[in-house]
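Engineer: My questions all concern the structure below.
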Amino acid sequence: MVKPKAILVIPAFHSFILQDIKLLSERYDLIINQYNWEKKELAPVYFIRQLFHLVSHILTCRFVLVHFGGYWAFWPALLGKVFGKPVFINLHGTDCASIPELNYGSLRIPLLRWFCKMSYNWANLLLPVSQSLVKSSNEFYSQNFPLENGFLHHFPFLQTAHQVIPNGFDIDYWKINPRIAREKNSFLAVLSEEQFILKGGDLIVELARRFPDCNFRIAGMYQPERLNENLGNLEFLGKLSKERILTEYQKSSFYFQLSIFEGFGCSLCEAMLCGCIPIAAAVNEIPNIMGNHGILLQKRDINQLEKIVRKVISSPLGQKERVAISQHISNKYPLGERKEMLFSVLPK
């Protein structure tokens, strides 16, 4: 049986996008459109190349699916409108946010904001990965000036329908490994250099100073140049393979997700599946993800965070509690459920 064709537009091959490609390929013959949009000087070239690529394929496709709002979503949304092809845009976080003081959010940049607005207007259905990306407010960063975000906050007159489809996880891969010993008082975080402050990297550095007998590891980046001190209990692991990050999750006792804004929290879920005890900011979808497990940091305060760390290392949880944490995410976000939800809205 011949599979229907679909165009998949992506800015990069993130792990969760690769996961979607695998499951969508079960039903569709995917035509993947991808350029390195991070190279801003080449964006005009990619913009033109994308137009010709889409025009050459759109008549033969059943629909267009886009990951992230951005410059790359403009032509798919417009051409879908012109040629009567349904367009779906997966929204993940930065495409629903504007936090200028932290240099974060696509919607803080006027031109990019306009491209997102037009794309969202022309799309048939928006697919945010969490309800917090629709409209949300949090006081974690500042209680005097709450952060208001979400596409309906920034575009209150937007009429496009939306449906929340959470991320899903391969629970047969991300799991506790009883053969790997859990390192006592070990803390892990995953973040990039661009999001060092946004995701609480500075807080982790300060914790390393205050807890010399604990070990702190940050994956996803190397030591930033602005950090000119070497702390023996703080290690920057750089970018890791999927296999290596799995091992890091499985041997770490605790996981930090100290984000000021977090569209979903894929790394948080992966860490919990591997038995890490989460310590996370009470923002966006994170409280819902964690449920009754782990500890939430209510405001961005290093002294409050220090108290939490002292509490968890003085009363460590056992294997039974870690299994319960893993099972919680397994039940809440199985990959099969995301697959079913996507297939229920995408044309056959």
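Just so you know, we're using the UniProt record's numbering here: the sequence shown kicks off at 1 and counts up by one.
In this text, a Cβ means the ideal position worked out from N, Cα and C, and glycines have one as well.
Only a predicted model underlies this, so the values are computations on that prediction, with no experimental measurement involved.
If we count the other Cβ atoms within 10 Å of its Cβ and call it buried at 16 or more, is W114 buried or exposed?
Structural biologist: Sequence index remark: in the sequence shown, residue 114 carries index 114 (1-based). That one is exposed.
Engineer: Mind reading off the beta-carbon distance from L342 to I165? Whole number of angstroms is fine, and I expect it under 8 angstroms.
Structural biologist: Within the sequence shown, the letter at position 342 stands for residue 342. Within the sequence shown, the letter at position 165 stands for residue 165. Their Cβ separation, rounded to whole angstroms, is 6 angstroms, which keeps L342 and I165 in contact under 8 angstroms.
Engineer: In the DSSP assignment, find the unbroken beta strand (DSSP E) run with Q257 in it and report its ends.
Structural biologist: Translated into positions along the sequence shown, residue 257 becomes position 257. Start and end: 254-257.
Engineer: Can you check the stretch 35-76 for any alpha helix (DSSP H) of at least 4 residues that lies completely inside it and give the ranges in chain order?
Structural biologist: Taking only runs of at least 4 residues, the alpha helix (DSSP H) segments lying wholly in the stretch 35-76 are 43-57.
Engineer: Where DSSP assigns a beta bridge to S137, which residues make up the other side?
Structural biologist: Position 137 of the sequence shown holds residue 137. S137 pairs with E148.
Engineer: Applying the criterion that 16 or more other CB atoms from any shown protein chain within 10 Å of the CB defines a buried residue, is L338 buried or exposed?
Structural biologist: Walking along the sequence shown from the start, residue 338 turns up at place 338. Per the sequence shown, residue 338 should be read as Arg rather than Leu. Buried, because 16 or more other Cβ atoms sit within 10 Å of the Cβ of R338.
Engineer: By the 10 Å Cβ neighbour count, where 16 or more other Cβ atoms means buried, how is Q143 classified, buried or exposed?
Structural biologist: As a position in the sequence shown, residue 143 is number 143, starting the count at 1. Q143 should be labelled exposed.
Engineer: Please check the pair D29 and K5, which I expect to be a contact at CB under 8 angstroms, by giving their CB distance rounded to whole angstroms.
Structural biologist: Position 29 of the sequence shown, counted from the start, is the residue given in the question as residue 29. Position 5 of the sequence shown, counted from the start, is the residue given in the question as residue 5. Right, the Cβ-Cβ distance comes to about 5 angstroms (below 8 angstroms), so this counts as a contact.
Engineer: Sorted by chain position, which residues of the same chain lie with C-beta nearer than 7 angstroms to E206's C-beta, five sequence neighbours on each side aside?
Structural biologist: Within the sequence shown, residue 206 is the residue found at index 206, counting from 1. Only I302 meet the Cβ criterion.
Engineer: Using 8 angstroms as the cut-off, can you tell me whether the stretch 60-72 makes contact with the stretch 104-113, which would need three or more C-beta pairs spanning the two stretches below that distance?
Structural biologist: These segments touch.
Engineer: In this structure, how does DSSP classify F155 when only helix, strand and coil are distinguished?
Structural biologist: Sequence index remark: in the sequence shown, residue 155 carries index 155 (1-based). Note: F155 maps to coil in three-state DSSP.
Engineer: Between which two residues does the alpha helix (DSSP H) containing F196 stretch?
Structural biologist: Locating residue 196 in the sequence shown gives position 196, counting from the first residue. Counting along the chain, F196 falls outside any alpha helix (DSSP H), and DSSP gives it neither H nor E.
Engineer: For P110, report the span of its alpha helix (DSSP H) as first-last.
Structural biologist: As a first step, residue 110 is located in the sequence shown; it is residue number 110 there, counting from the start. That run of the alpha helix (DSSP H) goes 110-122.
Engineer: Got a sec? Which residues, its chain only, sit under 7 angstroms from Y333 by beta carbon, not counting five neighbours each side?
Structural biologist: Position 333 of the sequence shown, counting from 1, holds the residue named residue 333. Within the same chain, Y333 has close Cβ partners P166, N167, G168, F169, C269.
Engineer: At what residues does the beta strand (DSSP E) containing F216 begin and finish?
Structural biologist: Taking the sequence shown and counting its residues from 1, one reaches residue 216 at position 216. Element bounds for F216: 215-219.
Engineer: Counting Cβ pairs closer than 8 angstroms, one from the stretch 174-182 and one from the stretch 311-330, do we hit at least three?
Structural biologist: The stretch 174-182, when compared against the stretch 311-330, does touch it at the 8 angstroms Cβ threshold.
Engineer: I'd like to know whether the C-beta atoms of H154 and S119 end up nearer to each other than 8 angstroms.
Structural biologist: Working through the sequence shown from its first residue, we reach residue 154 at position 154. Working through the sequence shown from its first residue, we reach residue 119 at position 119. No, they are not a contact pair.
Engineer: What are the boundary residues of the beta strand (DSSP E) that P278 is part of?
Structural biologist: Translated into positions along the sequence shown, residue 278 becomes position 278. 277-281 is the span of the beta strand (DSSP E), which, as asked, contains P278.
Engineer: Just checking my contact of K85 with C61 at CB under 8 angstroms: how many whole Å lie between their CB atoms?
Structural biologist: One-based indexing of the sequence shown puts residue 85 at position 85. One-based indexing of the sequence shown puts residue 61 at position 61. With 8 angstroms as the limit, K85 and C61 qualify as a contact, their Cβ atoms being about 6 angstroms apart.
Engineer: Suppose the cutoff is 6 angstroms on Cβ atoms and the five residues either side in sequence are ignored; what does the same chain contact list for S132 look like?
Structural biologist: The count along the sequence shown starts at 1 and reaches residue 132 at position 132. Cβ neighbours of S132 beyond the five flanking positions: N284, E285.
Engineer: Under 8 angstroms, do W122 and A77 count as touching if we go by C-beta distance?
Structural biologist: The count along the sequence shown starts at 1 and reaches residue 122 at position 122. The count along the sequence shown starts at 1 and reaches residue 77 at position 77. Yes, they are a contact pair.
Engineer: Exposed or buried, which one is D213 when buried takes at least 16 other CB atoms within 10 Å?
Structural biologist: Locating residue 213 in the sequence shown gives position 213, where the first residue counts as 1. It counts as exposed.
Engineer: Exposed or buried, which one is G318 when buried takes at least 16 other CB atoms within 10 Å?
Structural biologist: In the sequence shown, residue 318 corresponds to position 318, counting from 1. By the neighbour-count rule (16 or more Cβ atoms within 10 Å), G318 is not buried but exposed.
Engineer: Using C-beta distances below 7 angstroms, list every residue in its chain close to G291, excluding the 5 sequence neighbours before and after it, in chain order.
Structural biologist: If you number the sequence shown from 1, residue 291 lands on position 291. These residues qualify, in order along the chain: H328.
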